[in-house]
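Residue numbers (this note's numbering): 133 to 188.
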């Protein structure tokens, strides 16, 4: 790991292998987005379409 200072800002250089392992760890900690079922998605899209149509 190497530290570089440019314009009073500190940057850290790490090897690609370490960077990818850090990305994997971070991805595992994030919560996945909620996925709607087909019926729920259809109902939600109809609701949005009706709201959009009533605004016009």
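Glycine included, C-beta positions come from ideal geometry on N, C-alpha and C.
The structure presented is a predicted model; accordingly, all values stated were derived computationally and were not measured.
A direct Cα-to-Cα measurement between residue 137 and residue 146 gives close to 15 Å.
Under DSSP, residue 144 forms a beta bridge with 135. Taking C-beta atoms as the reference points, residue 144 and residue 150 fail to come closer than 7 Å. Rounded to whole angstroms, residue 184 and residue 177 show a C-alpha spacing of 10 Å.
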